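The numbering of the sequence shown is the numbering used here, which starts it at 350 and goes up by one.
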Amino acid sequence: MSKNILIVESRYYEDIASMLFDAVCYELKEFKFNYKTIEVLGALEIPVLISKAIKEDIYDGYIALGCVIKGETSHYDIVSSVSAKSLSELAIKNSVPIANGILTVDNKEQALYRADKNKKNVGGHAAKACINLIETFDTIKFS
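Written out as C-alpha cells, the structure is:
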C-alpha cells in the first residue's frame, strides 16, 4: 500500500525553499512515497495547517519546511521556538510522524549551506526522518 506524506512549506525565502523542497522530493521518490504540498506564508502557520490535516486523517506523515533567519528583533526567537515546539507537541499528542525541516539560522549563507542537498541536506534528512517514523510505526508493536 502506498504511503502519503503532506509537505507544508513556507516559501518566504524562495531560493532556500526550492532547495529544501527538491531534496525532500528526491528522497520521497527514491522510497516511492506519494506526497502533496501546501504552501503557507510563514513558519508559524505550518503547525496550524498540519494540525488541521491530522484531523482529516488522510496522510501517513508530515514534513514541515521553511526558513527563519535571525534579524534585529526578538521575532526570530519567538518564531523558531514556537514553530519547533508546536510541531513536537502535535507529533506527540497525535502519535503521528512529523519531521521538522524548518531551518533556523543566523544568516542566509548558513541557510543556503543547510538547504543544499550536497552539503547539510536538511530537506533530505527531514524526508528520511519522516519515512523512518512511518515505517517504524507500521512495524512496531507495544503489546
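Every residue, glycine too, gets a C-beta built ideally from N, C-alpha and C. Just so you know, these numbers come straight off a predicted model, no measurement behind them.
My assumption, with CB atoms under 8 Å, is that Ala413 sits in contact with Asn449. Please give the rounded CB distance. 5 Å
Buried/exposed call for Ile365, threshold 16 Cβ in 10 Å: buried
Give me the Cβ distance between Ile483 and Lys378, rounded to the nearest whole Å; I'm assuming they're in contact under 8 Å. Ile483 to Lys378, Cβ: 15 Å. No contact.
Inter-residue spacing [alpha-carbon to alpha-carbon] between Val417 and Thr485: Computed Cα separation, rounded: 30 Å.
Just how far apart, CA to CA, sit Pro446 and Leu355? 11 Å
Assuming the contact rule is C-beta atoms closer than 8 Å, Lys372 and Lys466 should be a hit. Round their C-beta distance to whole Å, please. Note on identity: in this sequence residue 372 is Ala, with Lys being the wrong assignment. Between Lys466 and Ala372 the Cβ distance is about 4 Å, and since that is below 8 Å, they are a contact.
Alpha carbons only, please: which of Lys381, Asn470 and Val454 is nearest the one belonging to Lys419? Looking from the CA of Lys419, the closest CA among Lys381, Asn470 and Val454 belongs to Val454.
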